[in-house]
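So the protein lines, in turn, are chains A and B.
The letter at position 157 of the first sequence is residue 159 when you use our numbering, and the numbering goes up by one with no holes.
The letter at position 264 of the second sequence is residue 266 when you use our numbering, and the numbering goes up by one with no holes.
Every residue gets a Cβ at the ideal spot worked out from N, C-alpha and C, and that includes glycine.
There are 2 protein chains.
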Amino acid sequence: MGREKHERIPVSLKEAANEPLQQRLTECRGNVESALDRLLPREDEPPAVLHRAMRYAVFAGGKRLRPFLVLESCRAVGGNVELAMPAACAVEVLHTHSLVHDDLPCMDNDDLRRGKPTCHKVFGEGMAVLCGDALLSLAFEILAVRLPETGLDAPTALRCTETLTQAAGSRWLAGGQAMDITEQTTNYTDRSPETVLRIHERKTVALMQACCAIGGLIGRTDDGQIRRLREYGYWLGLAFQITDDILDQTGDGKSLGKTVGKDAQQKKLTYPMVFGLERSRCLASEAAQSAVRALDSFDGVAELLCALALSLPERQS
Amino acid sequence: MGREKHERIPVSLKEAANEPLQQRLTECRGNVESALDRLLPREDEPPAVLHRAMRYAVFAGGKRLRPFLVLESCRAVGGNVELAMPAACAVEVLHTHSLVHDDLPCMDNDDLRRGKPTCHKVFGEGMAVLCGDALLSLAFEILAVRLPETGLDAPTALRCTETLTQAAGSRWLAGGQAMDITEQTTNYTDRSPETVLRIHERKTVALMQACCAIGGLIGRTDDGQIRRLREYGYWLGLAFQITDDILDQTGDGKSLGKTVGKDAQQKKLTYPMVFGLERSRCLASEAAQSAVRALDSFDGVAELLCALALSLPERQS
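Encoded structure:
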């Protein structure tokens with residue numbers, strides 16, 4: 003990871019982009035939640051308790067940032083955003099799977115998520131494990147079944163499925179969490195920048211990269227654009243996770259909707275622990291600017307993606 | 003479920019078929035384990051501990067019955083068995099995922115599996131949850147990535163992926179386990195035949211049906227043959243699970259390689275509990291014969307599948 007010199011973000015760009023970004027985020031959240039409601043099994047369908055748990059976890063709130071990345075990446079390459087909606091839902095379902103399992107007592111042992119009791123607090127640990135499993139299968143089912151129904155060709159639907167299975171697997175999402183809990187049990191004797199980056203790349207960044215790539219794939223763009231979207235996703239994911247680390251240390255539990263100070267308590271390796279707070283803030287800001295630069299060649303059609311990246315280091319929740 | 007009259011299995015058929023069946027099962031096990039070894043991440047690849055856990059779980063033994071169903075269903079419709087090998091591995095990886103999670107303390111709380119300490123006993127609960135998650139993603143990754151590499155067309159690879167995602171999801175595999183643990187917590191006040199059948203259909207039968215369907219799909223046969231293979235898989239899965247229930251009550255822990263008597267201890271709803279031992283034996287045998295009848299029109303090319311079905315009620319491990 004090359005770290006660029008810390009440049010000031012032009013204030014006018016940040017402010018100008020903010021309102022349309024908020025509007026689009028709100029619009030996206032509404033559309034995604036309606037689509038999720040149609041894609042998730044009904045609560046009265048057996049096994050009812052499992053389906054209630056799945057819906058409880060998926061509809062517990064959340065910014066729906068990953069679906070936004072899918073939809074806006076598709077839009078940025080001139081694709082039909084409607085066709086990308088099932089994939090946008092699939093990545094959110096997969097993300098929820100990882101939250102439900104991460105919160106388990108044998109992992110991060112969290113009681114609160116987005117201000118509500120976590121899935122296992124409400125439904126029990128066994129049901130939470132199954133809920134996470136069922137959400138993971140559902141994510142892939144949506145890609146394999148719903149994407150082709152929108153008229154997307156089978157090879158592209160398969161590439162989207164491939165992209166998400168890889169991001170979720172042992173080398174990335176599950177692998178990052180494995181490194182995270184291993185670091186905890188070994189009392190993080192290794193506090194190197196490389197180690198914290200390696201964990202964050204796996205736990206957070208890979209899925210965001212996959213979201214951007216999937217949006218591009220559905221928009222049927224060329225490999226060069228997909229590569230640029232993946233690079234954007236890389237820096238965006240990093241900016242997001244560094245800010246997450248900072249907020250866990252400095253944030254307000256109420257607006258975050260989760261227990262703060264957990265990272266330190268659980269001896270998790272974080273950016274502030276390795277670099278200190280101030281340097282971490284700089285790194286988050288630099289990552290956001292690298293995200294914007296990755297989309298230089300998009301010539302303005304990706305302005306909301308850029309605005310999103312620039313807004314991340316400023317977020318409070 | 004219509005239950006047919008209990009007919010005697012012709013002894014000659016059972017004996018004649020047994021030796022080639024054992025040979026083919028042994029050969030299949032060897033080939034599948036070699037292929038699994040190539041498909042699973044190496045132990046020294048980071049995160050090493052997660053990859054060790056995955057390999058520990060997958061190579062803990064087992065009959066590799068589900069891969070056998072994929073390969074022999076493909077062979078029975080005249081397909082190229084080589085092309086079906088990745089899918090055979092995918093179903094075994096998915097099956098292992100479900101074993102690792104089922105064994106967790108918050109689920110069935112099993113210390114032994116196939117005569118060895120269960121995954122969470124060796125690697126800890128958090129790692130076992132992640133191991134199961136990573137195996138589930140890997141199963142779908144194998145279908146989405148490896149199947150097309152064999153030259154299989156994208157629409158068929160996508161249908162195989164669809165078939166497996168559905169079998170794994172909340173309506174079937176995960177759903178059956180959810181019903182199972184719900185029954186336990188409600189002290190199985192409902193001991194109806196319908197309820198035990200509903201749980202077994204989900205927990206065991208659906209995946210075996212999916213195996214047969216996937217073998218048929220890769221063999222590029224028509225929908226009628228796929229339907230017959232699914233019906234075979236239904237009765238085979240039922241015969242297998244009823245026998246499993248019987249063995250948990252009457253079997254020898256050493257040859258089974260797991261703790262016996264767990265079902266009663268955990269107040270699980272089983273066939274012997276609902277029907278008694280003798281009637282359960284009859285039902286297993288009837289199910290095996292229904293499996294054979296489902297393949298009547300295959301005119302002898304499915305004889306090992308038939309022999310397998312007939313051997314199930316006799317199995318001791």
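Cβ of residue i less than 8 Å from any chain B Cβ?
i      : result
A/C108 : yes
A/D301 : no
A/E45  : no
A/A176 : yes
A/A90  : no
A/A59  : no
A/R152 : The amino acid at residue 152 of chain A is misidentified as Arg; the sequence shows Thr. Chain B, which has no Cβ nearer than 8 Å to the Cβ of A/T152, makes this no.
A/H103 : yes
A/Q179 : yes
A/T272 : no
A/T197 : no
A/K269 : no
A/E203 : no
A/G163 : Checking the sequence shown, residue 163 of chain A turns out to be Thr, not Gly. Yes - at least one Cβ of chain B is within 8 Å of the one on A/T163.
A/V131 : yes
A/A159 : yes
A/T167 : yes
A/A215 : no
A/V95  : no
Is the beta carbon of residue j closer than 8 Å to that of residue i?
i      : j      : result
B/R193 : B/A296 : no
A/R57  : A/R31  : no
B/A1   : B/G217 : This structure leaves residue 1 of chain B out entirely; chain B is present only between 3 and 319.
B/L238 : B/A293 : yes
B/G178 : A/L140 : no
A/K205 : A/L249 : no
B/A59  : B/C121 : yes
B/L271 : B/V198 : yes
A/P195 : A/V131 : no
A/L209 : A/V93  : yes
A/L114 : A/G259 : yes
A/L219 : A/T165 : yes
Residue i bridges to which residues according to DSSP?
i      : result
A/R115 : A/K118
Have a look at residue i and residue j and give me their C-alpha separation to the nearest angstrom.
i      : j      : result
B/S319 : B/T252 : 11 Å
B/E21  : B/S75  : 19 Å
B/H97  : A/L71  : 33 Å
A/P107 : A/A90  : 29 Å
A/N111 : A/D104 : 8 Å
B/R40  : A/T163 : 21 Å
A/D155 : A/G226 : 20 Å
B/F242 : B/C213 : 14 Å
A/R26  : A/L73  : 11 Å
A/T245 : A/L149 : 33 Å
B/P48  : B/D224 : 43 Å
A/G278 : A/C284 : 10 Å
B/A180 : B/I201 : 9 Å
A/A173 : B/R44  : The residue asked about is misnamed: residue 173 of chain A is Arg in this sequence, not Ala. If you take the alpha carbons of A/R173 and B/R44, they lie about 11 Å apart.
B/E185 : B/E143 : 33 Å
A/G221 : A/G153 : 13 Å
A/A146 : B/Q291 : 34 Å
B/R232 : B/A215 : 6 Å
A/K123 : B/D182 : 20 Å
A/L42  : B/A159 : 24 Å
A/A304 : B/A289 : 59 Å
B/Y234 : B/Q211 : 7 Å
B/A55  : B/D135 : 12 Å
B/L23  : B/V79  : 18 Å
A/E127 : B/P88  : 33 Å
B/R116 : B/H99  : 15 Å
Would you say residue i reaches chain A, if we count a Cβ-Cβ gap shorter than 8 Å as a contact?
i      : result
B/G171 : yes
B/M210 : no
B/S313 : no
B/I183 : yes
B/S139 : yes
B/G128 : yes
B/Q243 : no
B/V51  : yes
Ordered list of alpha helix (DSSP H) runs contained in the region 68–119 of chain B, each at least 4 residues: 87–104
Segments assigned beta strand (DSSP E), at least 3 residues, entirely inside the region 199–243 of chain B: Within the region 199–243 of chain B, complete beta strand (DSSP E) segments of at least 3 residues are not found at all.
Those runs of the alpha helix (DSSP H) which lie wholly inside the region 260–298 of chain A and span at least 4 residues: Segments of the alpha helix (DSSP H) lying fully in the region 260–298 of chain A: 264–267, 273–277, 279–296.
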